[in-house]
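Position 18, counted from 1, in the sequence shown is what the working numbering calls 292; the numbers after and before it change by one each time, with no gaps. Structure first, commentary second.
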Amino acid sequence: MGQQKGNTMSSSVQLLEATGSALRDALQRRDWTAIGELDAQCRQAVEEAMVEAVRDEGLLQQRMHELLDLYRELVATCQAEQRRLAGELVQLNQSQQGAKVYQLFT
Numbered sequence: 275m276g277q278q279k280g281n282t283m284s285s286s287v288q289l290l291e292a293t294g295s296a297l298r299d300a301l302q303r304r305d306w307t308a309i310g311e312l313d314a315q316c317r318q319a320v321e322e323a324m325v326e327a328v329r330d331e332g333l334l335q336q337r338m339h340e341l342l343d344l345y346r347e348l349v350a351t352c353q354a355e356q357r358r359l360a361g362e363l364v365q366l367n368q369s370q371q372g373a374k375v376y377q378l379f380t
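Okay, structure coming up:
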């Protein structure tokens, strides 16, 4: 009976772990659509875990720290991607301006 309670009780923690793992996989693939969907699922899983009475608070705390680290990595990756795209846009804009100048002289 105690084993069954333990499994039921930790379902929110298990959901956090599964959602966090899926989010990490999506981040590695740079699957921004999946990241958006999984972000919403993570937020819901966190809310459920905080509301649900979980006896193993140590495990919940560990999962929350792992999720926090994952979100730090996600933010850093998004910022790097934003800088990369901004650089590409600048180069594209410069190329288009160069093409316009070239057309003026042809």
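Glycine included, C-beta positions come from ideal geometry on N, C-alpha and C.
Item: Report the option in Phe379, Val287, Leu378 whose CA atom is closest to the CA atom of Gly332.; Value: Val287
Item: For a quick check, are the C-beta atoms of Cys316 and Leu341 less than 8 Å apart?; Value: yes
Item: Please give me, in chain order, every unbroken run of the alpha helix (DSSP H) with length at least 4 that falls completely inside the region 283-339.; Value: 285-303, 306-325
Item: Do Arg337 and Leu290 have their beta-carbon atoms positioned less than 8 Å apart in this structure?; Value: yes
Item: Quick one: what does DSSP say Gln277 is sitting in, helix, strand or coil?; Value: At Gln277 the pLDDT is 39, less than 50, meaning the model places this residue with poor confidence and gives no usable figure here.
Item: How big is the Cα-Cα spacing for Arg304 and Phe379?; Value: 42 Å
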